[in-house]
Amino acid sequence: MNDYVIRVLASPSDVSPKAWNALLAAQAEPSPFMRHEYLAALHESGSASPASGWTAQFVTLWRGKQLQAACPVYIKDHSYGEYVFDWAWANAYEQHGLAYYPKAVVAVPFTPVPGTRLLARDAQSRTLLVQALVAWCKQEELSSLHLLFGADEDIAACTEAGLMLRNTVQFHWTNMAPTLGTDVSSPSSEGKAQPGYPDFDTFLASLAHDKRKKIRQERRKVADAGVSFRWSRGKDISKADWDFFYRCYERTYREHGNPPYLTRDFFQRMADTLPEAWLLFVAERNGKPMATSLIALSTQPDEPLVAYGRYWGALERVDCLHFEACYYQPLAWCIAHGAQRFEGGAQGEHKMARALMPVKTTSAHWLAHPAFSDAVERFLEREGAGIENYMDHLGERSPFKAAG
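Using the UniProt record's numbering, you'd call the opening residue of the sequence shown number 1 and step up by one each time.
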């Protein structure tokens with residue numbers, strides 16, 4: 001450790017974008033949300049800022065002039081925008097006269113997408129980075145450290161450092177055609193590469209009759225309402241379409257009584273600096289746009305294409321429009337363009353009816369207070385058993401045809 005140097009930086013601009021992105025590209029599970037451009041846009045647009053409760057710190061590990069490891073860390077005075085819920089822990093602290101906030105979170109703000117959080121050149125550097133994070137939290141007298149939606153390598157390093165693990169469930173779609181000679185097309189547990197569906201109808205044919213019928217009925221309702229869709233990708237997304245998307249996005253948040261997490265300036269920065277990461281669907285009726293859904297795309301050229309469901313909004317009410325905009329249009333696009341996977345975002349059992357299957361995601365947690373750490377560890381053991389039972393229950397409700 002003597003030849004390593006830890007530097008804690010206050011802005012992504014203090015780190016070379018080229019060095020950061022090169023480190024990200026070397027990871028097992030890179031995502032566009034850990035790109036330097038994405039994190040910088042969150043910071044510079046004011047979306048994730050001290051004013052919104054996200055004070056950025058970028059912990060970096062150096063060996064000479066070489067960046068060995070790095071991660072974003074946010075000092076938080078609330079738990080909004082994280083999607084791994086610890087409100088009960090905060091309440092317990094408050095009831096005992098202790099301060100749970102501020103805390104430290106290693107995460108991508110407002111983005112519950114699994115992937116690498118600890119960028120590192122090797123396992124040793126990743127382990128040293130976790131140790132540095134815990135030491136820094138102690139030095140800053142923070143109550144806790146939380147690494148959210150980490151990759152396997154992140155979780156292994158956190159486990160080695162003594163952090164506690166917590167599982168949640170998401171729903172992901174996998175592009176795998178039915179195995180020849182059978183009617184089964186449920187995702188393989190072995191993760192072996194298989195040819196994708198040749199078209200949407202083949203995908204539908206892999207589902208149980210009731211699920212297939214329901215999807216066709218839902219799509220017909222949207223079509224019968226006179227709604228059609230068009231899509232644009234990357235630099236082909238016009239400023240007018242970005243403006244219309246934000247109008248829909250903002251309205252959806254306002255209808256739920258909340259201001260939107262992300263500013264219009266954030267999306268402008270995405271259009272300017274990371275256009276290749278975005279796919280926009282626009283719903284139209286009578287020649288006028290009336291709804292949108294925005295999908296993120298993986299950006300590593302040598303990696304399989306992955307799509308991430310992100311944001312949607314509508315100015316008019318149409319039955320089943322949400323399902324068409326957020327699931328069926330993206331899935332049809334994924335099939336046509338050979339995407340390996342579509343991640344539907346946090347929570348939502350209803351996604352299983354659209355063939356998005358349950359997947360466990362993992363976070364890691366360190367609490368400075370020994371008694372609370374012990375209590376949370378016992379809680380996580382009980383919760384973990386509940387998650388396993390929940391996964392078993394979901395597994396019995398597969399939307400795919402039964403074997404035979």
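Don't be surprised by glycine CBs; every beta carbon is placed ideally from N, CA and C.
Between the beta-carbon of Leu24 and that of Arg7 there is about 18 Å, and that puts the pair past the 8 Å contact cut.
In the DSSP secondary-structure assignment, Pro198 is not bridged to any residue.
Contact between Ser363 and Arg212 fails: their C-beta atoms lie close to 35 Å from each other, not under 8 Å. Judged by DSSP in its simplified three-state form, Pro114 adopts coil rather than helix or strand. Rounded to the nearest whole angstrom, the C-alpha separation of Val227 and Ile237 is 20 Å.
Taken in chain order, the unbroken stretches of beta strand (DSSP E) that lie wholly in the region 219-293 and span 3 residues or more are 227-233, 278-285.
A distance below 8 Å separates the beta carbons of Val134 and Trp366. Rounded to the nearest whole angstrom, the CA to CA distance from Leu98 to Ser144 is 12 Å. Residue pairing by DSSP places Gly309 opposite Ile295 in a beta bridge. According to the DSSP secondary-structure assignment, Asn167 is paired through a beta bridge with Thr362. Closest in C-alpha terms to Trp278, from the list Ala314, Trp312, Gly234, comes Gly234. DSSP places Ser79 in no beta strand (DSSP E); its state is neither H nor E. Taking 8 Å as the cut-off, the Cβ atoms of Ala40 and Tyr74 do not count as close.
Distances from the alpha-carbon of Trp312 to those of Trp136, Trp242, Gln340 put Trp242 closest. Shown here for Glu255: not one same chain residue has a beta carbon closer than 6 Å to its own, the five before and five after excluded. Within a 10 Å sphere around the beta-carbon of Ser79 sit 16 or more other beta-carbons, which makes this residue buried. The Cβ atoms of Ile295 and Arg310 sit closer than 8 Å to each other. Of all C-beta pairs linking the region 331-349 to the region 117-127, fewer than three are shorter than 8 Å, placing the two stretches out of contact. Within a 10 Å sphere around the beta-carbon of Asn389 sit fewer than 16 other beta-carbons, which makes this residue exposed. Uninterrupted beta strand (DSSP E) stretches at least 3 residues long and entirely within the region 323-353 occur at 341-346, given in chain order. The C-beta distance from Phe110 to Gly81 rounds to 4 Å, short enough to meet the 8 Å contact threshold. One Cα belongs to Thr168, the other to Thr361, and the distance between them is close to 5 Å.
The three-state reading of DSSP puts Pro370 in helix, counting H, G and I together. Here Gln27 carries a coil assignment [DSSP, helix/strand/coil].
About 14 Å separates the Cβ atoms of Glu284 and Arg247, ruling out a contact at the 8 Å cut-off. Judged by beta-carbon spacing, Thr116 lies within the 8 Å limit of Ala151, meaning their Cβ atoms are closer than that value. In this structure, the beta-carbon distance from Lys221 to Ala353 does not fall below 8 Å. In terms of Cα proximity to Thr292, the closest of Leu262, Ala26, Leu315, Pro114 is Leu315. With a 10 Å radius around the Cβ and a threshold of 16 neighbouring Cβ atoms, His96 comes out exposed. The beta-bridge partner set that DSSP reports for Thr159 is empty.
Between Cys71 and Leu129, the C-beta spacing is below 8 Å. A distance below 8 Å separates the beta carbons of Leu142 and Ala104. Between Tyr328 and Arg219, the C-beta spacing is below 8 Å.
With a 10 Å radius around the Cβ and a threshold of 16 neighbouring Cβ atoms, Arg378 comes out exposed. Taking the CA atoms as reference points, Cys334 sits about 39 Å from Ala161. Pro72 is bridged by DSSP to Phe58.
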